[in-house]
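Using my numbering, the first residue of the sequence shown is number 13, and each one after it goes up by one.
C-beta atoms are modelled at their ideal positions from N, C-alpha and C, and glycine is treated no differently.
If you're wondering where the values come from, they're calculated on a predicted model, not measured in any experiment.
To start, the structure under review is shown below, and the notes come after it.
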Amino acid sequence: AVAFTRLTVHGSGPNYTNRARVAYGLQYHREDVKFFDPQDETWKLLVESPRFQTPPVAKLGAN
13 AVAFTRLTVH GSGPNYTNRA RVAYGLQYHR EDVKFFDPQD ETWKLLVESP RFQTPPVAKL
73 GAN
């Protein structure tokens, strides 16, 4: 496993296979962090409104 800040550019090179690469980007924040939603002009808790609904993958590994 490799861990680095999300601001670090990594040089893994292009994926020449027909298989998708899997990566996780983790970001931690306090439970009381809010963001402004311009659609309805309200402040919302970030933990209640995740930007992506991505479930875990079934398996990590080469095969």
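Quiz item: How many angstroms separate the CA atom of Asp52 from the CA atom of Leu58?
Solution: 15 Å
Quiz item: What's the gap between the Cα of Glu43 and the Cα of Pro67?
Solution: Near 20 Å, if we compare the C-alpha coordinates of Pro67 and Glu43.
Quiz item: On the three-state DSSP scale, how would you describe Leu38?
Solution: In the three-state DSSP reduction, Leu38 falls in the coil class, being neither helix nor strand.
Practice problem: With a floor of 3 residues, list each beta strand (DSSP E) that falls wholly inside the region 40 to 74, ordered by position along the chain. | Solution: Here the runs fully enclosed are 46 to 49 and 54 to 57.
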